[in-house]
Amino acid sequence: MGETTIGLLTGLLFGLGLCLSGMADPSVVLGFLDLAGNWNPTLLFVMAGGVSVTFIGYRIVLGRNRPLWSKSFQLPTATAVDAHLISGAVIFGIGWGLAGYCPGPALVSLASGRPQVLIFVVAMLAGMVFVRWMRARPRATIATVRGEA
Amino acid sequence: MHPYIMAVIGGVFIGLSAVLLMAFSGRIAGVSGIVGGLLPPKPVTDRSWRLSFVLGLVLAPLILRMTTGASGIGAPAVDYPLLLAAGVLVGAGTAFGGGCTSGHGICGMARLSPRSAVAVAVFVMAAIVTVFVTRHLV
Chain E
30 MGETTIGLLT
40 GLLFGLGLCL
50 SGMADPSVVL
60 GFLDLAGNWN
70 PTLLFVMAGG
80 VSVTFIGYRI
90 VLGRNRPLWS
100 KSFQLPTATA
110 VDAHLISGAV
120 IFGIGWGLAG
130 YCPGPALVSL
140 ASGRPQVLIF
150 VVAMLAGMVF
160 VRWMRARPRA
170 TIATVRGEA
Chain U
47 MHPYIMAVIG
57 GVFIGLSAVL
67 LMAFSGRIAG
77 VSGIVGGLLP
87 PKPVTDRSWR
97 LSFVLGLVLA
107 PLILRMTTGA
117 SGIGAPAVDY
127 PLLLAAGVLV
137 GAGTAFGGGC
147 TSGHGICGMA
157 RLSPRSAVAV
167 AVFVMAAIVT
177 VFVTRHLV
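Residue numbers (my numbering), protein chains in the order written: chain E, 30 to 178; chain U, 47 to 184.
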């Protein structure tokens, strides 16, 4: 119950932030990425506000032993800068540059009811499922081989 | 108010969201990770907070429209074929690279994660090159 409520509250805050900042408008995002055009620095101001608040807040929060409403902090454990990270970032960057949507703004924009946004989001979910499926496969194969042996 | 001031205020909202989610639930506010966990194969077991987070994202512009008259949502910048291709790339890329603009960009940078710093540099560069090609070369 508690975590569901926090999910809703933080999702709302996050969505309000995206909408107020202009990040739910692809033209603003593409304007930032278009260095050779009429450059729009708005995204930098969003990142500056977001990263500084999170930086200070995380210092305070992560100094505690555990979160208020759950057992432990679940922080990423991977540290290697590997081929997955780089190639994933390249693929994501190309998609981001093509349409001006990253996952948050795309989901927020579903509220407009525009079929274009729905198509983007369905394609995005399909892309996620594809990679999750690809990643699950080798393990499944090994498990199958072991099972047969 | 000036768009840059609104941008900082919006950024602060996003930061507060990330801090609250960590403080109460111990989670990273990365949208691609939150959504990815809901998807097959092997969806995670803690689905309810993820679904409510996504619900919150979608409700936010509706609340803004009711209270201020403007949702803040802009029109799509490209047409269906590009949206379809871009969607697949964004979904696959964020799943493969372990994060997007929020997970790597906000939370990872705030944690001073070298992985996230590299990811952000790479996806911003790739996006800038893509925009240059689509707007100025093609």
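Virtual Cβ for every residue (Gly too), placed ideally from N, Cα, C. Being a predicted model, the structure only gives us computed values, none of them experimental.
When Cβ-Cβ separations below 8 Å define contact, U/G115 makes no contact with chain E. Of the residues U/S117, U/T140, U/A121 and U/L101, the one whose Cα lies closest to the Cα of U/P107 is U/S117. Proximity of the segment 127-142 of chain E to the segment 133-146 of chain U meets the contact definition, three or more beta-carbon pairs being nearer than 8 Å. Per DSSP, the continuous alpha helix (DSSP H) segment holding E/G40 begins and ends at G31 to S50.
Proximity of the segment 75-92 of chain E to the segment 48-62 of chain U meets the contact definition, three or more beta-carbon pairs being nearer than 8 Å. A distance below 8 Å separates the beta carbons of U/S71 and E/S99. Distance between E/R164 and E/F102, taken at the CA atoms: about 25 Å. Remark: C-beta atoms of U/I119 and E/A140 approach each other more closely than 8 Å. Secondary structure of E/G117 (DSSP, three-state): helix. Any Cβ of chain U closer than 8 Å to the Cβ of E/G117 would place that residue at the interface, and such an atom is present. Within chain U, the C-beta atoms nearer than 8 Å to that of E/T71 come from P49, Y50 and A53, in chain order.
The residue among U/V164, U/A121, U/V90 and U/T140 with its C-alpha nearest the C-alpha of U/G76 is U/T140.
Residue environment for U/T176: buried (at least 16 other C-beta atoms within 10 angstroms of its C-beta).
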